[in-house]
Every structure is written in C-alpha cells, then in structure tokens.
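Asker:
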Amino acid sequence: MKKTVSPSRTRRNLFLILLLAILCVGAVELAACSFFAPAVYEQITAPVRRSVQTAAQVCGRAASAVSQASEEAHRLVSRRIAAAGVQATVLWSRLTAPREEGLLEEDAQLAEDPALTGGAPAADPAVTELNVINGQEILTGGTIPIVYFNQGSEAWAEQPYGTDDIGRYGCGPAAMAMVVSSMTEADADPLQMAQLAVSLGHWAKRGGSYLSIVEGLAAECGLTAVSLQERTPDALMGALTGRNLLVALMGPGHFTKGGHFIVLRGVTLSGKILVADPNSQERSLMEWEPELILEELSRSTAHGAPLWIISQNLSDSG
23 MKKTVSPSRT RRNLFLILLL AILCVGAVEL AACSFFAPAV YEQITAPVRR SVQTAAQVCG
83 RAASAVSQAS EEAHRLVSRR IAAAGVQATV LWSRLTAPRE EGLLEEDAQL AEDPALTGGA
143 PAADPAVTEL NVINGQEILT GGTIPIVYFN QGSEAWAEQP YGTDDIGRYG CGPAAMAMVV
203 SSMTEADADP LQMAQLAVSL GHWAKRGGSY LSIVEGLAAE CGLTAVSLQE RTPDALMGAL
263 TGRNLLVALM GPGHFTKGGH FIVLRGVTLS GKILVADPNS QERSLMEWEP ELILEELSRS
323 TAHGAPLWII SQNLSDSG
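Our numbering applies: residue 23 is where the sequence shown begins, and numbers increase by one.
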C-alpha cells in the first residue's frame, strides 16, 4: 500500500533543502570574496571573529575562576583535613593514655580561694622564712630546705598543662617540682613536671592531675613514694623524720574548695606541721596543727592517696 506524504512534511523538507543551498552558496561566495575582495571579506567576518574572541575570553576567565575556586577549595579541604588530623591525634592520645581510677569530682584540682578562711594560724618568721638563694626561692625551717614554686606566679601561671594551664590546674606538677628539686640534684620546675606528667598519662583534662601523678613522677625522678596508711598525728610527724617529705591531697577546708596537692615539709619544736602550698606563699609560712591537716585530707584512697611518704631510693642515698 502506497504511503501518502503530508503537505507539512513536504514543506519542511523543501525549507531545509533551500536553507542548505543558501548556506552552500554563501560559503562559496564568502570563500571567493576572501580571494577577490579581501576588504569586504574582512568587514563581513570581523564581527563574527570578535564574537568568537569574546566568547573565548569569557570561557577563559570562567575556567580560571573555576581553577582558582578549585585551588581554594583544595586548600580549605587540606586545612580541614590537617585540623581533623590534629584533633584525631589528640583524641587518640586521650583514648590510649592510661586512665586512672579514683579521680572523684571533689578531688579535681582548680586553684581558687579555700573553702575555710577563718581560724588559720599566723606566720612565725622565727620558725620559717622564704629566702632567695642563688636565684631560687627557698623555704626554711623544715626537714630540708624546700625549693618553692607558686603555680600562680608570672613565671608559671600561663604555661601549658596539657590543654589547661599550670596557674589553675597545675598544683600536682608544682608540688612534685618542689619535691624533686629539693630531694634530688635535678633542676626541675613546674613546666618540666607538667610536660612529664602529660607524657606519662597523669594529666586530667579540666581536672588537674590523676592521683597516680605522685607515684609516677617520683619513680621517674629517682624517688620512692609510699602510701602512709596510719592517719594519726604521731604517724604524720614520724614520717617527717630524716630527709623524708610528704605529699598530701587535701579536700575542702583551709587549703582548697575541691582537691589540692601540697607538700608537708617538717615539724616544729611545738609539734606543728610546716607545709609548702603551691597555691599560696602565705599558707606556706604558717604552722599547722596536725589534727587539722588530717581532718581536711581527701577521702580518696586510689594510688596511695591521700598521703604519700617521699624518700630517696636506697641506691641513691649511699
């Protein structure tokens, strides 16, 4: 059966043939014009070339902008990847660092005014003084002269303790710096002890130090830390004989509102206790009743808390 071609389709085909013929003729004439009438050819083609050049420039600028945006995006992504890497490293160090048990909320260390301010004894210069010897502050009158460090002093307050600072959270490193500097030939200071504590996993973010800091730093610096189990005035004073010192974790009272490490450094002739408080020079020059010290000790018992006897290793004492 013969198909019938619609008139509209016939007209469309004729239009396309005619358009093709016009384009062919135009192309032939334009080619001939380029040989026989270059000026006319230039006049005809110049707008087209300008349009093409403009389009090319626009495309070039767009490509350049895309390239710059891509580079900026690459730099941004690189920075974010680097930042994420740092965060991941910090997180990994926190996850893999030894986590210590027994750091109760009330034992978290934060330098602030003590819970109790009344009833504190007066300082007696005849018993103990703070002198400067060879550029170091030395507390006298105790079992041994104590190299004194105040965590809130200009030299240490802003120094880092992990991501915290020594001024607010560094009583542990400052107390151990006093012990190590006074009992060994090492030139220890709060920053060095803080760095060592972090490397050994004793730093507790926003909590000061894990209670393992006393035994850990003592062992690392050639000293021995042993828990004092008997909590009586006689035991306290007996432990301070010879060249021993005591590190005490205090609870709320005359030394702190929360948790706070101090050093017990000697006994006076009248039976009072001398301390080295890394958060108070004033309290370090007072004589304290042993009963008050015992009453205000932390209730924690992890890692030998709240009292450690610090002594030299037998091999080192000769």
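Think of the CB as a built atom: it goes at the ideal place given N, C-alpha and C, for glycine as much as any other residue.
Just to confirm, are Ser204 and Leu271 a CB contact at a threshold of 7 Å?
Answerer: Not a contact, by the Cβ cut-off of 7 Å.
Asker: Taking contact to mean at least 3 C-beta pairs separated by less than 8 Å, is the region 253-262 in contact with the region 201-219?
Answerer: No, because fewer than three Cβ pairs between the region 253-262 and the region 201-219 fall closer than 8 Å, the two stretches do not touch.
Asker: Any idea if Glu207 is buried or exposed, counting beta-carbon neighbours within 10 angstroms, 16 or more meaning buried?
Answerer: With fewer than 16 other Cβ atoms within 10 Å, it is exposed.
Asker: May I have the straight-line CA-CA distance separating Glu237 from Thr246, to the nearest angstrom?
Answerer: Distance between the alpha carbons of Glu237 and Thr246 is about 7 Å.
Asker: Could you tell me how far apart the beta carbons of Pro167 and Tyr183 are, in whole angstroms, since I believe they sit closer than 8 Å?
Answerer: With a Cβ gap of about 26 Å, Pro167 and Tyr183 do not count as contacting.
Asker: Quick one: Cα of Glu122 to Cα of Thr263, how far?
Answerer: For Glu122, the pLDDT reaches just 49, beneath the cut-off of 50, and the residue's location in the model is therefore unreliable, leaving the point undetermined.
Asker: With a threshold of 8 Å, are at least 3 pairs of Cβ atoms found where one atom belongs to the region 220-239 and the other to the region 286-294?
Answerer: As far as the Cβ criterion goes, the region 220-239 does not touch the region 286-294, which means the pair count is below three.
Asker: For Ala219 and Val269, which I take to be in contact (beta-carbon distance under 8 Å), what is that distance rounded to the nearest angstrom?
Answerer: Not a contact, Cβ separation roughly 13 Å.
Asker: For Asp187, which option in Ile160, Val169, Leu267 and Trp225 has the closest C-alpha, if you only look at C-alpha atoms?
Answerer: Comparing Cα-Cα distances from Asp187 to each of Ile160, Val169, Leu267 and Trp225, the minimum goes to Trp225.
Asker: What are the partner residues of Ile154, as DSSP defines its beta bridges?
Answerer: Note on residue identity: the sequence assigns Val, not Ile, to residue 154. DSSP, once it has assigned bridges, lists Glu159 as partnering Val154.
Asker: Kindly list the residues whose CB is nearer than 7 Å to the CB of Thr162, restricted to its own chain and excluding five residues on each side of it in sequence; keep chain order.
Answerer: Taken in chain order, the residues that qualify are Thr150, Glu151 and Asn153.
Asker: On the criterion of 16 or more Cβ atoms from any shown chain inside 10 Å, does Ser234 qualify as buried, or is it exposed?
Answerer: The residue in question, Ser234, is buried, as its Cβ has 16 or more Cβ neighbours within 10 Å.
Asker: Going by DSSP in three states, Ser234 sits in which element: helix, strand or coil?
Answerer: Three-state DSSP puts Ser234 in coil, outside helix and strand.
Asker: Determine the DSSP secondary structure at His342, reduced to helix, strand or coil.
Answerer: This structure cannot settle anything about residue 342, because the visible part of the chain is limited to 23 through 340.
Asker: For the putative contact between Gly326 and Ala137, defined by C-beta atoms under 8 Å, what is the C-beta separation to the nearest angstrom?
Answerer: At roughly 24 Å, the Cβ-Cβ gap does not stay under 8 Å, so Gly326 and Ala137 are not in contact.
Asker: Grouping DSSP H, G and I as helix and E and B as strand, with all else coil, what is Tyr183?
Answerer: Three-state result, Tyr183: strand.
Asker: Going by the CB atoms, is the gap between Met200 and Val297 shorter than 7 Å?
Answerer: No, these two residues do not count as a Cβ contact at 7 Å.
Asker: Going by DSSP, what residues sit across from Ser249 in a beta bridge?
Answerer: Paired residue(s): Trp330.
Asker: With distance defined between alpha-carbon atoms, name the residue in Cys243, Ala142, Gly281 and Glu159 nearest to Ser333.
Answerer: The shortest C-alpha separation from Ser333 is found at Cys243.
Asker: Is any beta-carbon of chain B found at less than 7 Å from that of Arg265?
Answerer: The structure shown has no chain B; it contains just one protein chain.
Asker: State the beta-bridge partners of Gly288 as determined by DSSP.
Answerer: Looking at the DSSP assignment, Gly288 forms a beta bridge with Leu296.
Asker: Tell me the rounded alpha-carbon separation between Leu126 and Tyr191.
Answerer: Rounded to whole angstroms, Leu126 to Tyr191 spans 15 Å at the Cα level.
Asker: Measuring only the C-alpha atoms, how far is Met308 from Ala144?
Answerer: Looking at the two C-alpha atoms, the distance is approximately 6 Å.
Asker: Within 10 angstroms of its Cβ, does Pro357 collect 16 or more other Cβ (buried), or is it exposed?
Answerer: Here the chain comprises residues numbered 23 to 340, so residue 357 is not present and cannot be evaluated.
Asker: In its own chain, which residues sit with a C-beta less than 6 Å from the C-beta of Leu250, not counting the 5 before and 5 after it?
Answerer: Excluding residues within five positions, the ones whose Cβ falls inside 6 Å are Ala261, Leu329 and Ile331.
Asker: In whole angstroms, what separates the C-alpha of Ser322 from that of Leu258?
Answerer: So the alpha carbons of these two residues sit roughly 18 Å apart.
Asker: Give me the Cα-Cα distance between Pro300 and Ala179, rounded to the nearest whole angstrom.
Answerer: So the two alpha carbons sit approximately 11 Å from each other.
Asker: If the criterion is Cβ atoms closer than 7 Å, does the pair Val169 and Gln158 meet it?
Answerer: Their beta carbons are under 7 Å apart, which means Val169 touches Gln158 by this criterion.
Asker: What do you get for Thr165, buried or exposed, if any count of 16 or more other CB atoms within 10 angstroms of its CB means buried?
Answerer: Thr165 comes out buried.
Asker: What does a CB cutoff of less than 6 Å around Ile315 pick up in its chain, not counting 5 residues either side in sequence?
Answerer: If we look at Ile315 and ignore the five residues flanking it on each side, its Cβ neighbours are Ile295.
Asker: Can you give the beta carbon distance from Gln131 to Gly280, rounded, assuming they're within the 8 Å contact cut?
Answerer: About 7 Å; that satisfies the 8 Å criterion.
Asker: When you compare only the Cα positions, how much space is there between Asp129 and Ile160?
Answerer: Answer to the nearest angstrom: the Cα atoms are 28 Å apart.
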